[in-house]
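Enquirer: Residue numbers (the working numbering): 17 to 165.
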Ligand code: FES
Ligand code: FES
């Protein structure tokens, strides 16, 4: 059994406490915006926020997220208003296939909470997510745009 709080809502889940948070979010909670890429904390597709910090949910047992605030891509918009990073993503046409973009956005939002005006070097060293479509230039541009929103 695990009790987790996702996007401000509490869920009691009947699951092995060692189950990766990613699968609990997708299969038990039903939030499929968070994606599976590698399963070994390398690609960043599964990035969510735990107490505001970017975490790769494929490699965190659900027990490690109990008692903390988990935010997924579905919880970023507030009252139907997109987060400034989401708006910047749309304005800069960042996604190509889109598969990595949840993780990119969650990593970007966490970076901006930590560092409101990041340099390109800050972005490159912090956003280590992999995009097979090569959207890195657009990601950088959208992050800079979001800082001015
Ligand atoms: S699926 Fe978690 S880092 Fe790749
Ligand atoms: S947009 Fe296709 S993998 Fe990043």
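The C-beta atom is built at its ideal place from N, Cα and C for all residues, glycine as well.
Only a predicted model underlies this, so the values are computations on that prediction, with no experimental measurement involved.
How should residue 132 be labelled, buried or exposed, when 16 other C-beta atoms within 10 angstroms of its C-beta is the threshold for buried?
Expert: Answer is exposed; the Cβ neighbour count stays below 16.
Enquirer: Quick check: the Cα distance between residue 113 and residue 60, rounded to an integer number of angstroms?
Expert: Looking at the two C-alpha atoms, the distance is approximately 15 Å.
Enquirer: Which word fits residue 33, buried or exposed, when buried means at least 16 other C-beta atoms lie within 10 angstroms of its C-beta?
Expert: Classification for residue 33: exposed.
Enquirer: State the Cα-Cα distance for the pair residue 47 and residue 115, rounded to the nearest angstrom.
Expert: Cα to Cα, residue 47 sits roughly 15 Å from residue 115.
Enquirer: Taking the alpha-carbon positions, what's the residue 124 to residue 27 distance?
Expert: When rounded, the distance between both Cα atoms is 26 Å.
Enquirer: Quick check on the DSSP output: the beta strand (DSSP E) that includes residue 117 runs from which residue to which?
Expert: Premise fails: residue 117 lies in the alpha helix (DSSP H), 117-130, not in any beta strand (DSSP E).
Enquirer: Starting from residue 156, follow the alpha helix (DSSP H) in both directions and report where the run begins and ends.
Expert: Segment 152-163, the alpha helix (DSSP H) holding residue 156.
Enquirer: From residue 103 to residue 79, what distance separates their C-alpha atoms?
Expert: So the alpha carbons of these two residues sit roughly 33 Å apart.
Enquirer: Is the distance from the Cβ of residue 86 to the Cβ of residue 35 below 9 Å?
Expert: Contact flag unset, no.
Enquirer: What's the C-alpha gap between residue 150 and residue 77?
Expert: If I take the Cα positions, the gap works out to 30 Å.
Enquirer: Touching or not, the region 137-154 and the region 81-98, by the rule of three or more beta carbon pairs under 8 Å?
Expert: The region 137-154 vs the region 81-98: no contact.
Enquirer: Hey, would you say residue 49 sits closer than 9 Å to residue 88, going by beta carbons?
Expert: Yes.
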